[in-house]
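So for the sequence shown, full-length UniProt numbering puts the first residue at 1; every next one is plus one.
Inspection log for the structure reproduced underneath, given as structure tokens.
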Amino acid sequence: MTNRGDIFETGEIFRDRKLVRVGHVPDLERVVGRDDEIDAIGSALAPAVRGGPPETTIVYGKTGTGKSLVTRCVCREATRRAENNDVMFAHAYIDCSDYGTETQVSRQMARDLHSTVKNSVDEQSIPRKGIGAADYRDIVWEMIDDANVDAFLVILDEIDKLDGDELLRSISRAQESGKADAFIGAICISNKIEYRERLSERVDSSLQDNELVFDPYDARQLEAILTRRRDAFAEGVLQDEVIPKTAALSAREHGDARKAIDMLYEAGRLAEMERAEHVTEAHVDAALEKAEINRFQKLVSGQPPHVKHILRALALLTEQTDRQQFRTAEVYDMYTNITDEVDTSPLSYDRVQRLLKEQAFLGVTESEHTGGGHKEGSYRVHRLLRSPEIVTKGLDRQ
Ligand SMILES: Nc1ncnc2c1ncn2[C@@H]1O[C@H](COP(=O)(O)OP(=O)(O)OP(=O)(O)O)[C@@H](O)[C@H]1O
Ligand SMILES: [Mg+2]
Numbered sequence: 001m002t003n004r005g006d007i008f009e010t011g012e013i014f015r016d017r018k019l020v021r022v023g024h025v026p027d028l029e030r031v032v033g034r035d036d037e038i039d040a041i042g043s044a045l046a047p048a049v050r051g052g053p054p055e056t057t058i059v060y061g062k063t064g065t066g067k068s069l070v071t072r073c074v075c076r077e078a079t080r081r082a083e084n085n086d087v088m089f090a091h092a093y094i095d096c097s098d099y100g101t102e103t104q105v106s107r108q109m110a111r112d113l114h115s116t117v118k119n120s121v122d123e124q125s126i127p128r129k130g131i132g133a134a135d136y137r138d139i140v141w142e143m144i145d146d147a148n149v150d151a152f153l154v155i156l157d158e159i160d161k162l163d164g165d166e167l168l169r170s171i172s173r174a175q176e177s178g179k180a181d182a183f184i185g186a187i188c189i190s191n192k193i194e195y196r197e198r199l200s201e202r203v204d205s206s207l208q209d210n211e212l213v214f215d216p217y218d219a220r221q222l223e224a225i226l227t228r229r230r231d232a233f234a235e236g237v238l239q240d241e242v243i244p245k246t247a248a249l250s251a252r253e254h255g256d257a258r259k260a261i262d263m264l265y266e267a268g269r270l271a272e273m274e275r276a277e278h279v280t281e282a283h284v285d286a287a288l289e290k291a292e293i294n295r296f297q298k299l300v301s302g303q304p305p306h307v308k309h310i311l312r313a314l315a316l317l318t319e320q321t322d323r324q325q326f327r328t329a330e331v332y333d334m335y336t337n338i339t340d341e342v343d344t345s346p347l348s349y350d351r352v353q354r355l356l357k358e359q360a361f362l363g364v365t366e367s368e369h370t371g372g373g374h375k376e377g378s379y380r381v382h383r384l385l386r387s388p389e390i391v392t393k394g395l396d397r398q
């Protein structure tokens, strides 16, 4: 045996890593900074907890603002409370991005309901295929009747991925049409604010009574969210500035709790890989840089090699001068240096100019017309929207 040591040794950074992993759904008590939203969803479900009709609600907000989490947690709580009241409250949760078509979503609604109300309909009678969306819905209404459900709530997460509006219509009509003998409501969730208008065209006004918008988290809220998860780390490992710094950077960049938690986890992993004793601010900086490089890498991964040479030229210019903006001719010169170095023939000046415009359109660079000096007339200047280190490292990894 060589003395390579224990290859599964991980160091002493984490105590309970799942707390900082994506997908962990904390209890309602660990949800912080969303009191108003919790109250709003609570009051939409309040009638159902007493055997009345749940109010259909539409939840909007940017990604990572707690929409799915708050909805699921409040729903779990509502189920508990209904039980105490001797009310049969059932719900089905469907992430439409996993399914997409009306038929698949309706089938999933039947399956999820079945797993919560164990009743006479056995799972075999929910066929995998061969029947349509309306048939699956009929199975749902049947299960509701058989199980004596008083109130049924359907959570349609990522509803903008659903390909039609039949399901929503039938949910709003099931009860009045006498198909189901229970109060039925829906919570529709979307991170596309643009979807709002489309939704209002698609469904009748009965579905638009309640609309709830989740705002991005501010630094204080993110700090509270991260602090509740500090048990993920072993005692004394996290330096004091780490959480406030992660929160501040995340609030400035996006206000997304998922990304903030991820960044904290990444900082911990970097400390672990270095076999450091503490997670420090430097690890947070490194985690941020890593995330930015990843994002940049994804953004340019499908681009042809010459676009990458052009971006590298801009990065080199930015590093070598104290300016941010460069004229097309300067970029072109540097670009031809690079193509010489890698031994390819350069594209024409016009072509490069067009590719630069395209990159500005894609949000990789920014271009503008500038009035030059007296005799120069106007010309176009270009600049990178990220630091040259990020761009260079992202390009190196292609
Ligand atoms: N208020 C909060 N308290 C504690 N943890 C939170 C809170 N908000 C979000 N999180 C954490 O961030 C993760 C992402 O939140 P959630 O899935 O609810 O976002 P979302 O708004 O549904 O985003 P998307 O639009 O991308 O689906 C959650 O799984 C949870 O771990
Ligand atoms: Mg979500």
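Here a beta-carbon is modelled for each residue, glycine too, at the ideal position from N, C-alpha and C.
For a quick check, are the C-beta atoms of L299 and H283 less than 8 Å apart? no
Here's the rule I'm using: 16 or more other beta-carbon atoms within 10 Å means buried, otherwise exposed. How should M1 be labelled? A caution first: M1 carries a pLDDT of 48, below 50, which makes its placement in the model unreliable, though a value can still be read off. Exposed, because fewer than 16 other Cβ atoms sit within 10 Å of the Cβ of M1.
Would you report the Cα separation of S345 and I310, rounded to the nearest angstrom? 13 Å
Around the C-beta of A90, are 16 or more other C-beta atoms found within 10 angstroms, so that it is buried, or is it exposed? buried
Local conformation of Y60 per DSSP, three classes: strand
CA-to-CA distance, Y136 to L168, given in whole angstroms: 14 Å
Return yes when at least one heavy atom of ligand 1 lies under 7 Å from the C-beta of R196, else no. no
Which residues mark the beginning and the end of the alpha helix (DSSP H) in which I310 is found? P305 to Q320
According to DSSP, which residues form a beta bridge with Y93? I155
Please list, in chain order, all residues of the same chain as residue 404 whose beta carbon is under 8 Å from its beta carbon, the five residues on each side excluded. The structure shown has nothing for residue 404, since the chain only spans 1 to 398.
Option nearest V381 by Cα separation, candidates Q324, I338 and I390: Q324
Which listed residue (A286, A151, T101 and L162) has its alpha carbon closest to that of A78: A151
Tell me the DSSP bridge mates of I187? T57 and I155
Assign E319 to one of two classes, buried (16 or more other C-beta atoms within 10 Å of its C-beta) or exposed (fewer than that). exposed
By the DSSP assignment, the alpha helix (DSSP H) with N294 in it spans what residues? E281 to V300
List the endpoints of the continuous beta strand (DSSP E) containing F361. Here F361 belongs to no beta strand (DSSP E); instead the alpha helix (DSSP H) covers Y349 to F361.
From what residue to what residue does the beta strand (DSSP E) around T65 run? Segment: none, T65 is in no beta strand (DSSP E) and carries neither H nor E.
Using only the alpha-carbon positions, how far apart do E235 and I184 sit? 48 Å
If the criterion is Cβ atoms closer than 8 Å, does the pair V70 and I38 meet it? yes
Nearest residue (CA-CA) to I131, options T63, E158, P304 and T103: T103
Can you give me the Cβ contacts of R30 inside the same chain, cut-off strictly under 7 Å, excluding the 5 residues immediately before and after it? R228
Check whether the Cβ atoms of A182 and I225 sit closer than 8 Å, and answer yes or no. no
Less than 7 Å separating the Cβ of A257 from some heavy atom of ligand 1? yes
Do I189 and ligand 2 come close, with the Cβ less than 7 Å from some heavy atom? yes
Using C-beta distances below 7 Å, list every residue in its chain close to P53, excluding the 5 sequence neighbours before and after it, in chain order. P47, A151, F183 and G185
Among all the DSSP beta bridges, which residues are the ones paired with N210? T57
Hey, M88 and A147 are a contact pair by Cβ (cut 8 Å); roughly how many whole angstroms apart? 7 Å
Just tell me which of D343, S172, D333 and R80 has its CA closest to the CA of Y349. D333
How far does the beta strand (DSSP E) with H369 in it extend, from its first residue to its last? T365 to G371
Could you please give me the residues that DSSP links to V381 through a beta bridge? R327 and E368
Does any heavy atom of ligand 2 sit closer than 7 Å to the C-beta of S387? no
Alpha helix (DSSP H) segment containing V31, residue limits: Where V31 is concerned, there is no enclosing alpha helix (DSSP H), given that its DSSP letter is neither H nor E.
Flag this pair as yes or no: are the beta carbons of I261 and V20 separated by less than 8 Å? yes
Under 8 Å between C-beta atoms, does E77 make it to chain C? Of the chains in the structure shown, none is chain C; there is only one protein chain.
Quick one: Cα of A180 to Cα of R72, how far? 24 Å
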